[in-house]
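Below is one structure, written out as C-alpha cells; comments come after it.
Residue numbers (our numbering): -19 to 68.
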C-alpha cells in the first residue's frame, strides 16, 4: 500500500486508468468477435458494413494507448484480410 501522498495519488490514477482501459479493450474485443461471427455465419454484407466501425475502435484504442500502434495495425490488417478472403 502506498504511504506517501504522491504514491497514493498515483495509485488512484492507475486504478482509474486501468478501469478505463478495460472498457476500451473489452468493447474492442466484442466488436472483433461480432465481426468474426458475421464472417463465419456467411453474412458478408453485414461484416463489410461493420468493418469501418471495427477499424475506428482499433484506432481509438491505439490513440488512447490501450494497444500499441503495431498491435492496432496487425488487428486492422487481419480483419481486412479475413473479409477479403471471405468475399473471394
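From the three backbone atoms N, C-alpha and C, an ideal C-beta is built for every residue, glycine too.
For residue 45, does the three-state DSSP call read helix, strand or coil?
The answer is coil: DSSP assigns residue 45 none of H, G, I, E or B.
Taking buried to mean at least 16 other C-beta atoms within 10 Å of its own C-beta, is residue 52 buried or exposed?
By the neighbour-count rule (16 or more Cβ atoms within 10 Å), residue 52 is buried.
So residue 4 packs on residue 44, CB below 8 Å; how close in whole Å?
Contact holds; Cβ gap of about 6 Å.
Taking the Cβ atom as the reference point for each residue, do residue 29 and residue 15 lie within a distance shorter than 8 Å?
Not a contact, by the Cβ cut-off of 8 Å.
Kindly indicate which three-state DSSP category residue 6 falls into: helix, strand or coil?
Assigned with DSSP and collapsed to three states, residue 6 falls in helix.
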